Amino acid sequence: MEHIRTPKVENVRMIDRLTRRKSSVGTLYLSSTHTIFVENSEARKETWVLHSLIYNVERLPTNSSGSPLIIRCKNFHVYRLLIPQEKDCLDVLASLTRLSRPERYGELFCFSFNPNLDKELREKAWGFINLKAEFSRMGIPCNLWHVTAANHEYRLCDTYPSELFVPKSASPAVIVGSAKFRSRGRLPVLSYFHRDTSASICRSSQPLTGFSARSSDDEQMLQAIMKSNPVSEFMYVVDTRPKLNAMANRAAGKGYENEDHYTNIKLQFIGIENIHVMRNSQQKLIDVGELAAPSMSDFLWGLENSGWLKHIKAVLDAGVFIAKAVAEDGVSVLVHCSDGWDRTAQACSVASVLLDPYYRTIKGLMVLIEKDWVSFGHKFSHRYAHLDGDPKEVSPVMDQFLECVWQLMQQFPCAFEFNERFLIQLHTHIYSCQNGNFIGNCQKERRDLRLQERTHSLWPHLWENRAEYTNPLYRTDHSQTQGVLKPLTTAYCFKFWKGMYGRAEKSVASHQSPADCLNAVREESQQLEEELSSHQEVPRETDAGQETCPTEGKENFRGEEEDQQVV
Amino acid sequence: MEFAELIKTPRVDGVVLHRPFMPTVEGTLCLTGHHLILSSRQDNTEELWLLHANIDSIEKRFVGSLGTIIVKCKDLRVIQLDIPGMEECLNIASSIEALSTLDSVSLMYPFFYRPLFEVIEDGWQLFVPEEAFKDLESMTDEWRLSEVNKDFSVCPSYPSLLTVPKDIDDESLCKAASFRHGGRFPVLSYYHKKNGMVMMRAAQPLTGTNGRRCKEDEKLINATLCAGKRGYIIDTRTIAVAQQAKARGGGFEQEANYPQWRRIHKAIERSNVLQESLIKLVESCNDQSHSMDRWLSKLEASNWQSNVKEILTTACLAAQCIDREGASVLVHGTEGTDSTLQVTSLAQIILDPSCRTIRGFEALIEREWLQAGHPFQQRCAQSAYSNGKPRSEAPVFLLFLDCVWQILRQFPCSFQFNENFLIMLFEHTYASQFSTFLGNSVAERVKLLLSQKTVSLWSWVNRPQELERFLNPLYEPNNLVIWPSVAPQSLQLWEGVFLRWNRSTKCLDEAYQEMVHIIEYNKELQNKVNSLRRQLAQLETEDSPLQTP
Chain A
1 MEHIRTPKVE NVRMIDRLTR RKSSVGTLYL SSTHTIFVEN SEARKETWVL
51 HSLIYNVERL PTNSSGSPLI IRCKNFHVYR LLIPQEKDCL DVLASLTRLS
101 RPERYGELFC FSFNPNLDKE LREKAWGFIN LKAEFSRMGI PCNLWHVTAA
151 NHEYRLCDTY PSELFVPKSA SPAVIVGSAK FRSRGRLPVL SYFHRDTSAS
201 ICRSSQPLTG FSARSSDDEQ MLQAIMKSNP VSEFMYVVDT RPKLNAMANR
251 AAGKGYENED HYTNIKLQFI GIENIHVMRN SQQKLIDVGE LAAPSMSDFL
301 WGLENSGWLK HIKAVLDAGV FIAKAVAEDG VSVLVHCSDG WDRTAQACSV
351 ASVLLDPYYR TIKGLMVLIE KDWVSFGHKF SHRYAHLDGD PKEVSPVMDQ
401 FLECVWQLMQ QFPCAFEFNE RFLIQLHTHI YSCQNGNFIG NCQKERRDLR
451 LQERTHSLWP HLWENRAEYT NPLYRTDHSQ TQGVLKPLTT AYCFKFWKGM
501 YGRAEKSVAS HQSPADCLNA VREESQQLEE ELSSHQEVPR ETDAGQETCP
551 TEGKENFRGE EEDQQVV
Chain B
1 MEFAELIKTP RVDGVVLHRP FMPTVEGTLC LTGHHLILSS RQDNTEELWL
51 LHANIDSIEK RFVGSLGTII VKCKDLRVIQ LDIPGMEECL NIASSIEALS
101 TLDSVSLMYP FFYRPLFEVI EDGWQLFVPE EAFKDLESMT DEWRLSEVNK
151 DFSVCPSYPS LLTVPKDIDD ESLCKAASFR HGGRFPVLSY YHKKNGMVMM
201 RAAQPLTGTN GRRCKEDEKL INATLCAGKR GYIIDTRTIA VAQQAKARGG
251 GFEQEANYPQ WRRIHKAIER SNVLQESLIK LVESCNDQSH SMDRWLSKLE
301 ASNWQSNVKE ILTTACLAAQ CIDREGASVL VHGTEGTDST LQVTSLAQII
351 LDPSCRTIRG FEALIEREWL QAGHPFQQRC AQSAYSNGKP RSEAPVFLLF
401 LDCVWQILRQ FPCSFQFNEN FLIMLFEHTY ASQFSTFLGN SVAERVKLLL
451 SQKTVSLWSW VNRPQELERF LNPLYEPNNL VIWPSVAPQS LQLWEGVFLR
501 WNRSTKCLDE AYQEMVHIIE YNKELQNKVN SLRRQLAQLE TEDSPLQTP
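Just so you know, the protein sequences line up as chains A and B, in that order.
In terms of UniProt numbering, the first sequence opens at residue 1 and continues consecutively.
In terms of UniProt numbering, the second sequence opens at residue 1 and continues consecutively.
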């Protein structure tokens with residue numbers, strides 16, 4: 001509370017830049033976690049802005065009508081306020097600037113967020129996603145892959161999960177030796193196993209080859225991975241970086257696999273740019289979304305100049321390459337970049353979405369994020385600026401993954417159980433710090449912060465509200481739902497994600513959504529089904545000489561419906 | 001028949017057809033007077049029937065004795081035919097070329113086409129001006145139907161019946177006509193029932209460099225203003241273009257002579273510029289090797305999306321003047337047959353819910369395009385693959401359809417028709433068995449005796465069997481004015497037309513089917529529930545005497 005210089009400012013104007021008529025006057029309240037704008041109108045409409053979602057606050061020069069303040073959020077919402085007194089504006093600016101940049105984990109919203117769950121439920125909620133169950137769904141462990149205790153207490157690699165899946169044929173010495181030859185000890189381990197072909201997706205960081213170094217353990221590790229796919233005679237090593245970047249890393253004692261030293265590997269560079277390029281690219285894209293009344297040329301030129309869609313295409317291309325190798329050619333793939341926690345996570349998870357229909361369900365996408373991102377040490381707190389820190393660590397890595405999924409949804413409208421809203425909600429929560437799921441940079445850090453005891457898990461909350469996130473066109477028995485997705489990645493297939501980046505102005509919002517219409521229709525159908533079955537109960541009951549009792553019939557139906565959900 | 005002379009080789013065996021995203025077909029190629037047919041002679045394989053009129057251009061290539069003809073169609077599809085034998089290939093190519101560029105309208109397919117269906121509702125009789133005027137009469141008595149253009153002598157591009165202010169006599173109309181380009185004097189385009197405001201359209205006034213004026217013209221348009229009210233003149237050209245027009249005898253309304261009108265200039269491109277834009281757009285859509293940067297830069301350079309935005313913006317402006325400002329509007333550009341019609345027709349879609357129904361939309365096309373004298377035959381003579389020197393072809397109507405699609409995308413529940421309806425219209429403007437889009441004006445169509453000799457597109461489309469494909473399952477009639485967003489990020493490339501042949505639409509088609517399924521299932525349930533409810537109510541009334549002792 002000590003950071004709040006002024007808790008309340010009256011006669012503040014919230015400006016809608018496109019439609020001046022929609023601007024409104026109200027009171028601004030500052031709490032420790034939210035800024036709340038309450039309209040003076042009869043409806044007393046409230047707008048809540050979570051402080052941890054604020055990206056920056058900008059004050060424009062005071063003019064005759066007051067002091068303008070622009071609040072930009074990490075989920076691309078923009079709020080434009082006009083505050084009558086300059087002093088109030090300065091106070092709000094100073095308060096928000098401090099409140100939106102917590103310095104310690106303890107200040108984060110998740111530690112004060114209290115959704116009124118008892119302890120037992122909260123603990124149960126943290127067990128909602130179980131990665132062991134996920135690996136066993138893939139058929140792991142099996143005669144080729146098993147779990148190793150090598151990273152118990154994170155002694156081999158402190159940014160990896162403690163449980164790792166490796167080829168059975170890899171000896172403990174090989175595992176340790178391979179870890180030593182990889183950046184930050186991030187050795188090659190299993191990410192996804194494709195049952196149909198026995199091909200796998202493994203992930204790691206770059207090898208410490210420099211110009212000539214080699215490690216027989218690491219070479220044996222890759223050999224073991226290749227051999228774990230009995231029918232295949234070689235494996236791919238997908239280096240997701242541009243080749244030049246990979247070569248430059250050799251000067252720092254890092255680099256990429258030498259095909260002469262590793263037998264039977266094929267090295268493939270994909271050319272996804274690094275986090276700094278992506279950060280700048282997204283900033284340019286946001287600027288495009290914020291242009292006031294741009295011409296079509298301004299917009300298209302800005303879109304091109306941002307390079308954003310080019311990067312999205314690169315990530316999707318990486319996923320397509322891996323998915324094809326695994327599903328069509330039956331060849332295992334080792335994916336890495338430099339540290340193996342950004343581009344590698346993107347490429348592995350996009351490939352998984354293409355390969356496995358499960359990851360295209362609501363629960364499945366949660367599992368995938370938990371597996372490829374949370375457990376494998378994607379640096380959430382650094383990348384999404386949860387704490388005031390090095391701005392060079394910030395990058396929209398996860399944004400790009402979510403967008404790849406969205407682009408796929410455009411090509412395969414029936415293949416995903418979730419809708420666009422689900423992706424946007426996930427995006428917001430990755431930044432919001434409301435739940436403990438995405439706090440910290442790796443599993444070890446989360447354990448040390450005792451997040452499971454002190455915060456709530458997001459997943460059960462999203463699951464409870466899944467009706468809101470359901471794609472009405474999804475059907476489990478649909479042909480495009482099943483099997484591997486083979487998207488077209490020609491440049492013209494990529495679209496500007498208006499639902500995500502077009503939110504700076506409220507009035508641009510889509511007018512009517514077919515998905516919402518369809519959901520309403522489906523809901524109505526469900527009610528009709530209920531009514532129908534209740535009516536159909538009637539003749540039977542009257543036949544039996546009972547009095548008609550529609551409510552009873554309805555209850556019966558509800559009971560049946562519940563049974564179905566359990567199944 | 002004379003076609004026989006043009007067909008050098010009527011039949012070739014062993015021809016292989018390649019189409020993107022479809023399996024190749026080997027079969028026999030046949031040329032008839034109006035069609036190119038490829039049939040595989042195997043069961044279950046569809047045949048290709050292509051109207052010669054649909055062929056925009058062809059290219060030949062030879063590898064040894066195997067010839068290849070690339071056929072580029074006006075509906076933007078590109079197909080490849082591998083023809084064994086150099087002579088056959090050359091013969092086929094020159095035959096196609098000759099048959100697809102016939103000059104005489106009376107040799108066009110509609111004059112030979114005999115429908116295989118019974119014409120129940122003759123499309124030629126569907127939309128007559130008298131009927132539209134009856135509707136108008138029920139709302140206002142300020143207007144009359146003038147026969148001044150009965151023999152098309154006052155204005156050759158206007159229909160014979162025109163709606164004009166009641167107080168203006170035919171003599172004044174003739175004088176006003178002589179003051180407007182092509183004789184296109186201001187006529188009623190739309191009456192806004194909600195507030196009685198109107199939209200009129202015309203061609204540019206012939207003020208010339210010395211500022212000619214015409215009292216009758218001024219009186220004519222002033223007659224549409226309520227006392228003390230100002231109106232808006234929307235000139236679809238920039239002020240610079242309008243100024244230049246003066247040198248060629250054209251011009252714009254001077255403030256001094258039209259004090260009750262405020263003039264606004266917009267920047268809708270002229271037709272030759274639009275044609276170039278289409279060619280560039282389609283070229284970049286067809287190159288799948290483009291990197292992202294190159295694709296976006298080509299898309300931008302084509303200016304197509306800019307054109308869509310400018311046209312929609314102008315239509316919104318006209319609609320805004322009428323609905324929000326409560327003012328009447330006069331729209332014109334130069335000839336009043338292209339950009340003017342884009343604006344007036346789109347404004348009506350925004351303002352008038354009836355234009356968003358199938359019948360209403362057909363009526364709108366009839367009124368604002370066909371009868372209003374949009375020169376379809378000239379504009380649609382060639383499409384995006386034209387490689388000769390451009391004459392007067394231009395995708396004016398396609399841009400209109402694109403704009404309608406943009407509004408449809410933003411208001412998916414407000415239109416009775418779906419995207420397929422718009423695509424079908426696009427196809428039929430360029431090549432068709434029906435004659436609706438033949439000719440450049442009502443006068444030409446009358447002269448060609450189209451209504452006696454040929455079949456109207458509407459006679460076919462409005463059959464329930466056909467209509468089904470074009471119905472939007474999400475449609476919920478709504479009586480509101482719909483304001484589309486014209487922000488660049490709200491406008492998309494019309495993939496259904498421009499990427500139609502460059503990707504597989506299987507998954508999108510399935511999604512559409514799923515949507516239809518969900519809604520049909522809902523209707524089915526509703527019917528069942530309603531009938532059960534009725535039965536129940538009936539049972540209850542029958543039971544009630546028993547329950548009251």
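For every residue, glycine included, the Cβ atom is placed at its ideal position computed from N, Cα and C.
Predicted model, so just to flag it, every value in this text is computed and none were measured.
Amino acids of chain A, ordered along the chain, whose beta-carbon sits closer than 9 Å to that of residue i
i: B:Tyr385; result: The contacting residues do not exist; B:Tyr385 stays about 18 Å from chain A at best.
i: B:Pro412; result: His511, Gln512, Ser513, Pro514 and Cys517
Contact with chain B by residue i, beta-carbon distance below 9 Å
i: A:Pro460; result: no
i: A:Pro391; result: no
i: A:Gln282; result: no
i: A:Thr490; result: yes
i: A:Phe76; result: no
i: A:Ala415; result: yes
Chain-ordered chain B contacts of residue i [CB-CB under 8 Å]
i: A:Ser295; result: Ser306, Lys309 and Pro488
Contact set for residue i: own chain, Cβ-Cβ below 7 Å, skip 5 residues either direction
i: B:Glu335; result: His181, Gly182 and Ala203
Cut-off 6 Å between Cβ atoms - residues of its own chain near residue i, not counting five sequence neighbours on either side
i: B:Ile233; result: Glu253, Trp261, Arg263 and Leu330
i: B:Gln406; result: Leu491
i: B:Leu281; result: Ser302 and Trp304
i: residue 606 of chain A; result: Beyond the ends of chain A as shown, which are 1 and 567, falls residue 606 of chain A; an answer cannot be given.
i: B:Ile239; result: His265
i: B:Leu278; result: Ala384 and Pro395
Opposing strand residues paired with residue i [DSSP bridges]
i: B:Met199; result: B:Tyr190 and B:Val329
i: A:Pro207; result: A:Arg182
i: A:Ser23; result: Answer is none; A:Ser23 lacks a bridge partner.
Residue i versus residue j - alpha carbon distance
i: B:Asn272; j: B:Trp304; result: 13 Å
i: B:Gln513; j: A:Arg360; result: 20 Å
i: A:Val176; j: A:Leu156; result: 7 Å
i: A:Glu555; j: B:Asn522; result: Because the pLDDT of A:Glu555 is 34, which lies under 50, any placement of that residue in the model is unreliable, and the question is left without a value.
i: B:Glu5; j: B:Ala98; result: 10 Å
i: B:Lys246; j: B:Lys72; result: 40 Å
i: A:Glu273; j: A:Pro161; result: 26 Å
i: B:Glu468; j: B:Glu362; result: 16 Å
Cβ of residue i within 9 Å of any chain A Cβ
i: B:Asp235; result: no
i: B:His290; result: yes
i: B:Ser504; result: yes
i: B:Thr541; result: no
i: B:Gln275; result: no
i: B:Leu299; result: yes
i: B:Val343; result: no
Interface residues of chain A facing residue i [CB-CB closer than 7 Å]
i: B:Ile519; result: Val521
i: residue 598 of chain B; result: The first residue shown for chain B is 1 and the last is 549, placing residue 598 of chain B beyond what the model contains.
i: B:Arg77; result: Within chain A, no residue comes near B:Arg77; the closest Cβ sits about 16 Å away, beyond 7 Å.
i: B:Ser172; result: In chain order: nothing, as chain A lies at least about 42 Å away.
Interface partners of residue i on chain B, CB under 7 Å
i: A:Ser183; result: The premise fails here: A:Ser183 is roughly 30 Å from chain B at the closest Cβ pair, so nothing lies under 7 Å.
Proximal chain C residues relative to residue i, where beta-carbon distance stays under 8 Å
i: A:Ser525; result: The structure shown has no chain C; the protein chains it does contain are A and B.
Within chain B, the residues that residue i reaches when beta carbons sit closer than 9 Å
i: A:Arg279; result: Residues of chain B passing the Cβ test: none, with the nearest at roughly 18 Å.
Proximal chain A residues relative to residue i, where beta-carbon distance stays under 8 Å
i: B:Val529; result: Leu528, Glu531, Leu532 and His535
Nonlocal neighbours in the same chain, by C-beta distance under 8 Å from residue i, ignoring five residues either side
i: B:Glu542; result: none
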